[in-house]
DNA sequence: ACAATTTATCTTAACGTTTAAGATAAACTG
DNA sequence: CAGTTTATCTTAAACGTTAAGATAAATTGT
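Chains as they are written, first to last, in full-length UniProt numbering: chain A, 1 to 341; chain B, 1 to 341.
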């Protein structure tokens with residue numbers, strides 16, 4: 001069977017293509033009865049509306065906004081923080097009648113998917129420079145979330161400040177040895193301790209800033225915190241978190257405070273602590289970062305910094321849609337003081 | 001500045017558009033030196049390759065394959081089973097030079113995103129009939145995963161059989177009262193027990209089949225399993241799982257065996273059991289379904305049915321790409337007998 | 001009743017590509 | 001050296017829309 005198009009429909013109905021097009025897009029341009037007739041007949045022929053590709057070519061719009069994730073789709077998206085962000089963005093976009101497109105930042109396909117969107121929200125530190133370049137070149141509105149790229153507006157939190165704050169609080173509560181379970185501090189895919197010279201190597205601005213916050217708080221409180229007590233965790237999941245936590249907690253003397261760069265890491269550490277028969281917070285205090293839902297109902301409930309990722313997403317999406325892509329917004333967080341510290 | 005297009009480039013270089021197009025797509029159609037020149041100049045002008053929308057309109061292809069998720073993006077994608085599937089699909093598509101598009105099945109936008117892909121993998125029971133209809137109408141290759149739609153090829157597992165098998169195993173191991181923590185058995189967004197007449201109501205074929213498997217095994221073993229011992233859990237997450245588990249495990253007499261329709265539910269149940277001071281497997285045996293990674297390292301390790309979602313994804317993607325969209329494939333699973341039962 | 005306005009529909013020209021078919025010149029072939 | 005092949009490039013017609021301007025019919029004001 002021949003494909004049903006506007007043109008085919010128009011011929012079949014004996015009207016012009018423009019009229020059929022208007023029936024779909026500009027009801028005021030034709031009489032109500034003709035419009036109804038066209039729509040009915042279109043339904044009958046199984047016409048599923050004007051071809052989106054052609055429309056997009058003609059209008060230059062696609063009504064899609066892309067989120068450029070820093071990793072693969074499956075990884076980025078299984079992270080609870082990313083998930084919250086996506087949710088926030090999705091809410092706003094949906095209200096605005098826009099569609100959301102998730103783009104993997106890991107593979108180098110120069111695809112339709114990349115060319116189509118009307119705007120981009122770049123999430124996290126881009127790992128693919130060519131892709132970033134293409135996106136910049138596109139001339140479409142861009143916005144960074146949880147990253148900073150010169151000349152591009154952004155929505156961020158003050159990672160340094162809140163890392164400092166929670167570390168300060170934790171250090172005051174808990175004397176003894178301190179260890180940091182850090183996320184993506186160096187370029188290795190294995191859990192390991194840092195070398196002294198790697199202290200400020202982190203490519204991920206977020207991780208670097210959080211570490212700097214911890215270090216500043218330790219210095220301010222005159223507490224020791226050397227590179228050898230700072231673990232690098234390559235992936236933000238339970239598995240790697242547990243490996244690192246086990247290493248850290250089986251030292252002699254054992255640390256009494258774990259500063260964790262994410263809630264997932266902290267939750268992994270909690271389960272290791274339990275396996276080792278340690279009591280939290282008596283033997284060991286743990287703090288996280290992010291404020292994911294799971295941290296509320298963990299046992300013990302996790303003391304952490306709540307960054308409101310959904311709100312971050314909503315704000316970013318609204319800014320992008322409003323064309324406000326120059327501003328650099330810094331969102332407040334809150335310390336959530338619970339039982340783990 | 002004027003937009004850089006093939007045409008503009010051609011004029012600037014003094015060659016025809018066809019030649020520029022060929023420089024990008026068919027190297028054999030022009031001399032190597034001219035091609036090199038064109039590519040260099042194109043780079044210089046910041047031309048990021050032929051416009052994807054126009055190409056797609058002309059060729060009718062987009063080199064994108066969509067996964068039509070049954071829920072919202074953020075929800076579907078945070079589920080570990082869905083994640084595994086996506087990963088498997090992504091692997092195959094990437095090797096084939098195709099792009100992957102994640103489509104929310106929850107909202108009713110009739111979008112570019114929906115019109116563009118060259119094919120669809122429908123994951124889970126579609127909740128949006130109009131959307132499904134549009135996709136079917138498109139005439140593009142379709143494939144179901146974890147669902148069955150008449151006339152559409154599919155990749156599934158035998159939910160009934162494996163639910164039966166694991167229930168049979170568990171029932172033999174454990175005497176006493178049995179409860180089922182079921183997923184999406186009825187149309188309610190709250191945790192509740194089933195009514196007798198709701199036993200076979202589940203819209204989700206997967207859940208219905210698993211429940212039938214449990215019931216058959218119970219009958220076969222002459223064990224009691226009434227609707228009042230079957231819980232409906234609306235969302236596959238820790239939170240709701242815990243609510244249901246708490247209800248089930250605070251009954252008198254207390255169930256000694258929990259048949260859980262997903263690993264996530266089972267893990268939630270394990271943590272409730274721990275909170276209640278119950279020993280697993282002495283006081284209580286628990287089995288799950290799915291075989292997610294987390295189930296290996298839980299304490300105690302979870303006895304479950306491993307369905308290999310990544311493999312399912314790979315197979316589905318290969319079938320779709322090969323045009324094999326009529327077959328109905330049933331993949332084998334494995335019982336993973338661990339400590340929780 | 002007639003010009004002026006409004007309403008309903010149509011015509012035409014893009015949008016930026018790809019590709020089949022044709023043109024031209026250079027290089028072989030016997 | 002005419003005839004044929006090959007290499008290289010051009011022409012022109014799509015692909016399915018939309019937006020602006022054109023046209024004809026209907027309505028209005030005076």
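All residues carry an ideal CB built from backbone N, CA and C; glycine is no exception.
Mapping the DSSP letters down to three states, classify residue i as helix, strand or coil.
i	result
residue 261 (chain A)	coil
residue 123 (chain A)	strand
residue 323 (chain A)	coil
residue 304 (chain A)	strand
residue 165 (chain B)	helix
residue 203 (chain A)	coil
residue 157 (chain A)	strand
residue 15 (chain A)	coil
residue 30 (chain A)	coil
residue 251 (chain A)	coil
residue 224 (chain B)	coil
residue 214 (chain B)	helix
residue 24 (chain B)	helix
residue 296 (chain A)	coil
residue 61 (chain A)	coil
residue 188 (chain A)	coil
Check the Cβ of residue i against every Cβ in chain A and list those closer than 7 angstroms, keeping chain order.
i	result
residue 74 (chain B)	83, 86, 87, 90
residue 155 (chain B)	Under the 7 angstroms cutoff, chain A gives no residues; its nearest Cβ is about 18 angstroms from residue 155 (chain B).
residue 5 (chain B)	Here the premise fails: no neighbours, minimum Cβ distance about 12 angstroms.
Count the other CB atoms within 10 Å of the CB of residue i; is the residue buried (16 or more) or exposed (fewer)?
i	result
residue 229 (chain A)	buried
residue 312 (chain A)	buried
residue 117 (chain A)	buried
residue 236 (chain B)	buried
residue 51 (chain A)	buried
residue 330 (chain B)	exposed
residue 293 (chain A)	exposed
residue 238 (chain B)	buried
residue 139 (chain A)	exposed
residue 114 (chain A)	buried
residue 36 (chain B)	exposed
residue 131 (chain A)	buried
residue 242 (chain A)	buried
Can you tell me which residues form a DSSP beta bridge with residue i?
i	result
residue 178 (chain A)	A:257
residue 193 (chain B)	B:231
residue 328 (chain A)	A:154
residue 68 (chain B)	B:103, B:122
residue 290 (chain B)	B:306
residue 334 (chain A)	A:306
residue 144 (chain B)	B:122, B:154
residue 285 (chain A)	A:257
residue 183 (chain B)	B:233
Give the residues of chain B in contact with residue i, contact being defined as C-beta atoms less than 7 angstroms apart.
i	result
residue 51 (chain A)	115
residue 54 (chain A)	57
residue 134 (chain A)	48
residue 137 (chain A)	46, 48
Near residue i, what residues of its chain come up, given a Cβ to Cβ distance below 6 angstroms and the 5 sequence neighbours on each side ignored?
i	result
residue 334 (chain A)	306
residue 192 (chain A)	232
residue 159 (chain B)	206, 209, 210
residue 267 (chain B)	298
Below 8 angstroms CB to CB, which residues in the same chain sit around residue i once its five sequence neighbours on both sides are set aside?
i	result
residue 41 (chain B)	9, 12, 13
residue 104 (chain B)	69, 71, 72, 73, 76
residue 255 (chain B)	176, 177, 178, 179, 229, 248, 249, 284
residue 234 (chain A)	184, 188, 189, 190, 191, 240
So, at 7 angstroms on beta carbons, what are the nonlocal neighbours of residue i in its own chain, with the 5 sequence-adjacent residues on each side left out?
i	result
residue 146 (chain A)	123, 124, 156, 206
residue 165 (chain B)	335
residue 326 (chain B)	153
residue 261 (chain A)	181, 182, 183, 207, 210, 289
residue 332 (chain B)	none
residue 217 (chain A)	164, 167, 168, 171
Less than 7 angstroms between the CB of residue i and some heavy atom of the ligand COA, yes or no?
i	result
residue 30 (chain A)	With respect to small molecules bound, the structure shown includes none, and the ligand COA cannot be examined in it.
List the residues of chain A whose Cβ lies closer than 8 angstroms to the Cβ of residue i, in chain order.
i	result
residue 294 (chain B)	238
residue 275 (chain B)	299
Show which residues of chain B have a CB atom less than 8 angstroms away from the CB atom of residue i.
i	result
residue 68 (chain A)	Here the premise fails: no neighbours, minimum Cβ distance about 14 angstroms.
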